[in-house]
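Residue numbers (our numbering), protein chains in the order written: chain V, 19 to 397; chain E, 22 to 248; chain B, 30 to 277.
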Amino acid sequence: MSEANRIRAEFHNVLGNFTLNAAFEVPARGITALFGPSGCGKTTVLRCIAGLIRVKDGYFDIDGEIWQDPDQTFIPTYRRPLGYVFQEASLFPHLSVRRNLLFGAPPEKPADRPAIDFDEVVDLLGIRPLLDRSPRNLSGGERQRVGIGRALLTQPKLLLMDEPLSALDRKTKGEILPFIEELRDHFSLPIFYITHDIAEIERLADNMVLLDKGHLVACARLSELQSDPSSPLATSREAAVTLRGVVTACDPKFGLSSVSVPGAVLIAPPPPATGAIGEPRRLRVLASDVSLAREKPARSSILNVLPARVVAMKALDGYEVLAVVALGEQGDGARLLSRMTLKSWTELGLAEGQNVFAQVKYVSLNAGRGTDTPTHPVK
Amino acid sequence: METLAHLWPPVRLTLELASITTLTLLVIATPLAWWLAHSKAKGKEIVATIVSLPMVLPPTVLGFYILIAIGPDGPGGWVASLWGARTLAFTFTGLVIGSVIAALPTVVQPIRNAFQAVGDRPLEAAATLRASPWQAFWRVALPLASPGFLSGAVLGFSHTVGNFGVVLMIGGNIPGRTRVMSTAIFDYVETMRWQEANILAGGMVVFAFVVILSMILIEKRFAGARV
Amino acid sequence: MKVRMISAAFGLLLAALAAPAQAGQTHVAVAANFNEPAREIAELFKKKTGHKAILITGASGAFYTQITHGAPFEVFLSADEERPRLAIENGFAVPDSRFTYAIGKLVLWSRVVDVTNGEEALKTGNFRKLSIANPASAPYGAAAVETMKALGVWDAIERKLVQGNSIAQAFQFIDTRNAELGFIALAQLYGVKGGTRWIVPEKLHSAIRQDAVLLKKGADHEVSKAFLAFLRGPEARAVIERFGYGIE
Chain V
19 MSEANRIRAE
29 FHNVLGNFTL
39 NAAFEVPARG
49 ITALFGPSGC
59 GKTTVLRCIA
69 GLIRVKDGYF
79 DIDGEIWQDP
89 DQTFIPTYRR
99 PLGYVFQEAS
109 LFPHLSVRRN
119 LLFGAPPEKP
129 ADRPAIDFDE
139 VVDLLGIRPL
149 LDRSPRNLSG
159 GERQRVGIGR
169 ALLTQPKLLL
179 MDEPLSALDR
189 KTKGEILPFI
199 EELRDHFSLP
209 IFYITHDIAE
219 IERLADNMVL
229 LDKGHLVACA
239 RLSELQSDPS
249 SPLATSREAA
259 VTLRGVVTAC
269 DPKFGLSSVS
279 VPGAVLIAPP
289 PPATGAIGEP
299 RRLRVLASDV
309 SLAREKPARS
319 SILNVLPARV
329 VAMKALDGYE
339 VLAVVALGEQ
349 GDGARLLSRM
359 TLKSWTELGL
369 AEGQNVFAQV
379 KYVSLNAGRG
389 TDTPTHPVK
Chain E
22 METLAHLWPP
32 VRLTLELASI
42 TTLTLLVIAT
52 PLAWWLAHSK
62 AKGKEIVATI
72 VSLPMVLPPT
82 VLGFYILIAI
92 GPDGPGGWVA
102 SLWGARTLAF
112 TFTGLVIGSV
122 IAALPTVVQP
132 IRNAFQAVGD
142 RPLEAAATLR
152 ASPWQAFWRV
162 ALPLASPGFL
172 SGAVLGFSHT
182 VGNFGVVLMI
192 GGNIPGRTRV
202 MSTAIFDYVE
212 TMRWQEANIL
222 AGGMVVFAFV
232 VILSMILIEK
242 RFAGARV
Chain B
30 MKVRMISAAF
40 GLLLAALAAP
50 AQAGQTHVAV
60 AANFNEPARE
70 IAELFKKKTG
80 HKAILITGAS
90 GAFYTQITHG
100 APFEVFLSAD
110 EERPRLAIEN
120 GFAVPDSRFT
130 YAIGKLVLWS
140 RVVDVTNGEE
150 ALKTGNFRKL
160 SIANPASAPY
170 GAAAVETMKA
180 LGVWDAIERK
190 LVQGNSIAQA
200 FQFIDTRNAE
210 LGFIALAQLY
220 GVKGGTRWIV
230 PEKLHSAIRQ
240 DAVLLKKGAD
250 HEVSKAFLAF
260 LRGPEARAVI
270 ERFGYGIE
C-alpha cells in the first residue's frame, strides 16, 4: 500500500499481441500526464485504472483505498469513485445536456472531501446556455465540456482524461485548455491526462509518466523529466522547460511582468490582468532560446540574463550539445536547458559545475484563463 | 348481418394471440439478443443460427415438430399434466408456444442489431458514471436500442397475425379456442364461402396496415431526445 | 472427319429431342388420403406405357379452388364425388369422364385407447380429444360425423372434437397422440404399425365415393386419358384394393 496522498498503479498483462508492464507511483494531487508514442499503452493503462479492462495481475490504490490487487480484490468500474472523460465525449444522445450532467451524480454529497457543486461546474465550463439542448446539436468543443462536467459531477476522487482535446480543432482546443487549467486549480482533484501533444503537457502537467511499447520509461515530476538529459523530452528539437512562478510586479509602460521562479526573476510579456500580483503563472522556455555566457554581457538587448550554474551536459548528434543549468549563483534554483553547438561549448571552455550567465531570449507566459499568449521575443 | 357476428371470434383470438406472443417475445428475446450482441463465447454464432431456424424451415415442418414437442410425448405434455391435461395442442397456450417459436427470429434480429449498434462505448461511459450493469442496461442500452424493440414488436406482431402453417398444424382449428383469422380464412376458402373469406382477409390487410404505419410513425417521433 | 463428328452430334441431338415426344407426362391432382396407392399406380403406369404421371397431393377442397382459378392440372382424383361433379357442372372438367375410382373405408384408430370395439369406446367416452378431418371439406370428416350421430354419441363427443384441415392432419393428431383417437381413412393405416383400429360398418355412414375426372386442361391430352383408363384397369384396381379401399 502506498503512503497517504499517493497513487500507486501496477499492471502486468499480455493482451493479444501487446504486453503491458507498467508500475508507477505519483502524488494524489495535480495533473499527471501519461505520454508516449502511439500504441505505447497509455489508453490501456487508463482503462486498467478505470477497471474497464480487467487485468489478472494488477494493482491500484489511491490514498490508501485499494481498487484492485492481484489476490482477490477487484472493485468494478461503477463502484470506483472516478470520473472518465473519453476522447469523443460519448454523451448519451437520448438525454438532454442537463440529464447527461446529472446522470452519475450521487444523491448524497461525499463526506470526506469538498462537494463539487452543479452550478459551480456549469459556470466554470460555460455550459449554462446548453443545459436544455440535445447533445446531437452541440459542437465538438461543447460536447467535450459537457463530458468533463458530467465526469466531475460524479464527485470523483480521481479524474481520468483520455486525450480529451485531440479530436478538436486548434481554435477549440485553445478555448478548452483554460477550462482544464481551472479544473486543476479549482478542485483539489488528482487528474490523469493522456495526450500526445507536448504543448498540452507543458501547460497542464505537474507529473509525467512516460510509456513506450507497453513499458514504463520514466515517472517523475515534469520539471525533472524536462531537464533530465537522459530523457527523450530533453533531447528533442522542441525541448523546453516549464517553470512555475508567481507574478511579483507589472510594468504597464513597457507591457511586461516580472515572474519569480526559484532562483531568479524573469521578465515576460504581456502584462497579466489587473490584480494578478501574487498569482501563479507558468513559463515555458525553449532550450534553443537559452544561450550561455562566461561573463555577464555589458549591455545586451536580452532582458533576462540570469546567473546560473551548469549541472549537466549531454553531447547530441550533429555537433550539438545540450547543457542543463540551474538558476541562482549556488545553482539551486529551477533548471533551464540550453542547446548550443559543440564548437561553442568547447571554445568557451564550459564544464559541469561552472557558474555562467543564462541568456533567455524568448519567454512564453501562460496567462491562465483566456487564450494562450503567442511566443514573444524579450530582448 | 349475422355473418359478421361469427366472424368476430377469430378476429378476437388473432388479436389476443398476436399481443400475447409479441409481449412474450419481447421478454424472451431481449436477454437473448443482449447475449448475442455482447457475448464473446465461441458458440455464439451457432446459437444465433439455431435461433434463425424457424425462419428457414417451412411452417408445416416447424409446426409438425412443435406438435410433437407440445404433445404427450414431448415436454409440452409434461407441462400440461401439471394441470391435468394430456397435451398443449389444441389449446390457446399451445398456439402461443408455437407462435413464439415461429416468430422468435423476427424479434431477436432487430433487437440484436440495435444492441450492436449501441456498442460498448455508451455502456462503458455509464459504468464510469456509477451505473451498475443493470442500471446501464435500463437507462442507456434500452432507450438507445428502442427502435430495434419497436421493429421487433411490429415484426413479431404481424408475423403472428399472418402465421398460418404452424397454427394450422397445432391448433386443431377449434372455433373460439384456436380458430384464428388465418385458419378461418383457409376454412372459408376450402368450403367456398367467399364472402366471409373476403371480409376477414380484407380486415386483416387493413388492420396490419394501420398497426405497422402507426408504429413507424411512433418510432420516428421517438427518435428525438428526451429533455 | 469433321463432318462425321458433326453429323454424329446432330444425330444425338435429334434422338434427345425425339425422346420426350414419345414419352409424355400428365399432372394429376390427388386427394391426400390416396397418396400412397397413387404413387404405386403411377409407377406401374410408367412401366407399362413409358409415360410419367406427376402427382400433386393435397386437400380436395383446395384443389377445387385452384382448378377453378386455372391451375395446371389435367386429371383430378378427388376424395369425394361432390367436387368432380361440380367441376363438370361449372365447365372445368370433361363431361362423362367422371367415375368412382375408389370407395373409402372409414376407420377409428387410436394409439392410446383400445378401440377394437369402437362403438363401445365411443360410448364410454374415455378420452379428451377426438380427431376428424374437417367435415365441411373432407368426406371422411363428414362420414365421421354421420357415424357418431348414427351411434348417438354426437352430443357427447362434439365438444371434444379437433379438426385437421385434411385427413393427413387428422392422422397426425392421432399419430402424435395429441388426440387419443380419431376417424381416418383405412388406406392411411397401410404399413402403419401399432395402435388399435375399428373399421366402421358401412351402414353407419353414406358411401365415401372417391371420384376421378378428366379436367378441361387435359381434354385432348392422350397421356391424361391413358392414365384414367389405366386407373380403371386391373393392375390399378389390385393396388387400390390392397390399400384398403373398395372398388365398384
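We treat Cβ as the ideally placed atom computed from N, Cα and C, and that holds for glycine.
From a predicted model like this one, the values you see are computed outputs, not experimental measurements.
Cβ of residue i within 9 Å of Cβ of residue j?
| i | j | result |
| --- | --- | --- |
| Phe104/V | Glu145/E | yes |
| Ala52/B | Val59/B | no |
| Ala174/E | Thr43/E | yes |
| Tyr169/B | Asn62/B | yes |
| Gly197/E | Phe111/E | no |
| Leu240/V | Met226/V | yes |
| Val265/V | Ser254/V | no |
| Glu313/V | Phe375/V | yes |
| Thr97/B | Ala116/B | yes |
| Lys175/V | Arg131/V | yes |
| Arg300/V | Thr260/V | yes |
Once you ignore the five residues that flank residue i on each side, which residues in its own chain have a CB closer than 8 Å to its CB?
| i | result |
| --- | --- |
| Pro75/E | Leu83, Ile122, Ala123, Ala124, Leu125 and Pro126 |
| Ser184/V | Gln105, Thr213, His214 and Asp215 |
Might you give, ordered along the chain, the residues of its own chain that have their beta carbon closer than 7 Å to the beta carbon of residue i, omitting 5 neighbours on each side?
| i | result |
| --- | --- |
| Ala205/E | Pro31 and Leu221 |
| Cys66/V | Phe29, Val73 and Gly76 |
| Ala305/V | Ala257, Ala258, Leu340, Leu355, Ser356 and Arg357 |
| Thr246/V | Here the sequence assigns Asp to residue 246/V, which means Thr is not the residue at that position. If we look at Asp246/V and ignore the five residues flanking it on each side, its Cβ neighbours are Ala252. |
| Ser160/B | Val191, Gly193, Ala199, Phe202, Ile203, Ala208 and Gly211 |
| Phe256/B | Thr55, Val57, Phe74, Ala82 and Val104 |
Residue range of the alpha helix (DSSP H) that residue i falls in?
| i | result |
| --- | --- |
| Gln201/B | Ile196 to Asp204 |
| Thr176/B | Pro168 to Ala179 |
| Gly64/E | Careful: Gly64/E lies outside any alpha helix (DSSP H) and carries neither H nor E. |
| Val188/E | Gly186 to Gly192 |
| Asn149/E | The sequence shown places Thr at residue 149/E, not Asn. Its alpha helix (DSSP H) spans residues Arg142 to Thr149. |
| Asn31/V | Note, Asn31/V: premise wrong, no alpha helix (DSSP H); beta strand (DSSP E) at Arg24 to Leu33. |
| Lys254/B | Glu251 to Arg261 |
| His204/V | Arg188 to His204 |
| Asp79/V | Unbroken run through Asp79/V is the beta strand (DSSP E), Asp75 to Ile80; no alpha helix (DSSP H). |
| Tyr209/E | Met202 to Glu211 |
| Val121/E | Phe113 to Val139 |
| Ser72/B | According to the sequence provided, residue 72/B is Glu. The question's Ser does not apply to it. Unbroken alpha helix (DSSP H) run through Glu72/B: Asn64 to Thr78. |
Are the C-beta atoms of residue i and some chain V residue less than 9 Å apart?
| i | result |
| --- | --- |
| Pro164/E | yes |
| Glu211/E | no |
| Ala246/E | Low local confidence applies: a pLDDT of 39 at Ala246/E is under 50, so the model's placement there is unreliable, and no value is given. |
| Ser172/E | no |
With residue i and residue j assumed to form a contact (beta carbons below 8 Å), what rounded beta-carbon distance in angstroms separates them?
| i | j | result |
| --- | --- | --- |
| Leu149/V | Gly101/V | Actually they are not in contact, since the Cβ atoms of Leu149/V and Gly101/V sit about 19 Å apart, beyond 8 Å. |
| Leu34/E | Val201/E | 5 Å |
| Glu231/B | Leu180/B | Going by Cβ atoms, the distance from Glu231/B to Leu180/B rounds to 14 Å, so no, they are not a contact pair. |
Where do the ends of the beta strand (DSSP E) carrying residue i lie?
| i | result |
| --- | --- |
| Met226/V | Asn225 to Asp230 |
Within 9 Å of any Cβ in chain E, is that where the Cβ of residue i sits?
| i | result |
| --- | --- |
| Ala50/B | Because Ala50/B sits at a pLDDT of 46, beneath the cut-off of 50, its placement in the model cannot be relied upon, and the point is left open. |
| Tyr96/V | yes |
| Leu33/V | no |
| Gly90/B | yes |
| Tyr93/B | yes |
| Arg24/V | no |
| Val191/B | yes |
| Pro111/V | yes |
| Asn155/B | no |
Please go through the same chain and pick out, in chain order, the residues whose beta-carbon is closer than 6 Å to the beta-carbon of residue i, but skip the five residues on each side of it.
| i | result |
| --- | --- |
| Ser126/B | Val242 and Leu243 |
| Glu277/B | Thr129 |
| Val68/E | none |
| Ala107/V | Arg161, Gln162 and Gly165 |
| Asp137/V | none |
| Gln130/E | none |
Chain B beta carbons: is any one of them nearer than 9 Å to that of residue i?
| i | result |
| --- | --- |
| Ile220/E | no |
| Pro30/E | no |
| Gly193/E | yes |
| Glu66/E | no |
If you measure from the CB of residue i, is any heavy atom of the ligand NAP nearer than 8 Å?
| i | result |
| --- | --- |
| Ala258/B | Because no ligand of any kind appears in the structure shown, any question about the ligand NAP cannot be addressed here. |
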